[in-house]
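Here the structure comes first, spelled out in structure tokens, and everything after it is commentary.
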Amino acid sequence: MIEAAEAVKDALNNAPDGTFGDHTFTAIRVYRPAFTPAQLADLRVVVLPRAANRSNLARGKWAVAPEVQVGVMQQLTRPADGSDPMLDTDQADGLMFLVEAIGDYLGDAAVLRGYRQVGPQLIENDPAWSVEHMAETGTFISVLTLTLGKAKNKR
-18 MIEAAEAVKD ALNNAPDGTF GDHTFTAIRV YRPAFTPAQL ADLRVVVLPR
32 AANRSNLARG KWAVAPEVQV GVMQQLTRPA DGSDPMLDTD QADGLMFLVE
82 AIGDYLGDAA VLRGYRQVGP QLIENDPAWS VEHMAETGTF ISVLTLTLGK
132 AKNKR
């Protein structure tokens, strides 16, 4: 799982300029993505290992399907007119486009070639964003869950 999370982090950080539109970030790998709203004034992209699923392929081989999560987080800013930041769809729309761009980029078969032998089996974004965080703190949080695949020799 660690190898998979590290590969995803590295792929995001080595993406060609413009891959994610106007958004710039340095993805970090964490185990517990706990930030205060003040720490989320700037965009944060975090990568964490989530699970490791194994199934028997054949004698001496496992199919390993690690799950890695990519979180996109940012505190929404209050519009100049003082209205509720949750009503300013431009901010949230821009972050949702970033989440989609990250999913599209990581879904490309060549991006994680050094890590995996099998392409992403699944990329999920459900729910698309955390309604609770947006309502309670005005923070946009969206999580992509990638299920990757790799054949591995049994030991």
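Residue numbers (our numbering): -18 to 136.
Each residue gets a CB set at the ideal place from its N, CA and C atoms; glycine is no exception.
Quick one, are the C-beta atoms of residue i and residue j less than 8 Å apart?
i: residue 142; j: residue -12; result: What the structure shows of the chain is the stretch from -18 to 136, and residue 142 is not part of that stretch, so it cannot be assessed.
i: residue 83; j: residue -7; result: yes
i: residue 33; j: residue 18; result: no
i: residue -10; j: residue 8; result: yes
Could you tell me the distance, in whole angstroms, from the CA atom of residue i to the CA atom of residue j?
i: residue 110; j: residue 26; result: 14 Å
i: residue 107; j: residue 80; result: 12 Å
i: residue 13; j: residue 20; result: 14 Å
i: residue 115; j: residue 77; result: 13 Å
i: residue 42; j: residue -5; result: 31 Å
i: residue 72; j: residue 40; result: 52 Å
i: residue 130; j: residue -18; result: 11 Å
i: residue 63; j: residue 113; result: 21 Å
Only counting the same chain, and skipping five residues up and downstream in sequence, which positions put a Cβ closer than 6 Å to that of residue i?
i: residue 50; result: 29, 31, 124 and 126
i: residue 145; result: Because the chain spans -18 through 136 in this model, residue 145 falls outside it and cannot be assessed.
i: residue 35; result: 43 and 45
i: residue 91; result: none
So the alpha helix (DSSP H) residue i belongs to, where does it begin and stop?
i: residue 80; result: 70 to 88
i: residue -4; result: Careful: residue -4 lies outside any alpha helix (DSSP H) and carries neither H nor E.
i: residue 116; result: 112 to 118
Check each candidate in the options and name the one with the smallest Cα separation from residue i.
i: residue 120; options: 57, 85 and -9; result: 57
i: residue 75; options: 54, 18 and 87; result: 54
i: residue 1; options: 85, 112 and -10; result: 85
i: residue 22; options: 40, 77, 118 and 91; result: 118
i: residue 52; options: 71, 129 and -14; result: -14
If I measure Cβ to Cβ from residue i and keep anything under 7 Å in the same chain, skipping five residues before and after, which residues do I get?
i: residue 11; result: 27 and 29
i: residue 4; result: 24 and 79
i: residue 128; result: 46, 48, 101, 102 and 103
Starting from residue i, trace the beta strand (DSSP E) both ways and give me its first and last residue.
i: residue 46; result: 42 to 56
i: residue 38; result: 25 to 39
Between residue i and the rest of its own chain, which residues show a CB-CB distance below 8 Å, the 5 nearest in sequence each way excluded?
i: residue -2; result: none
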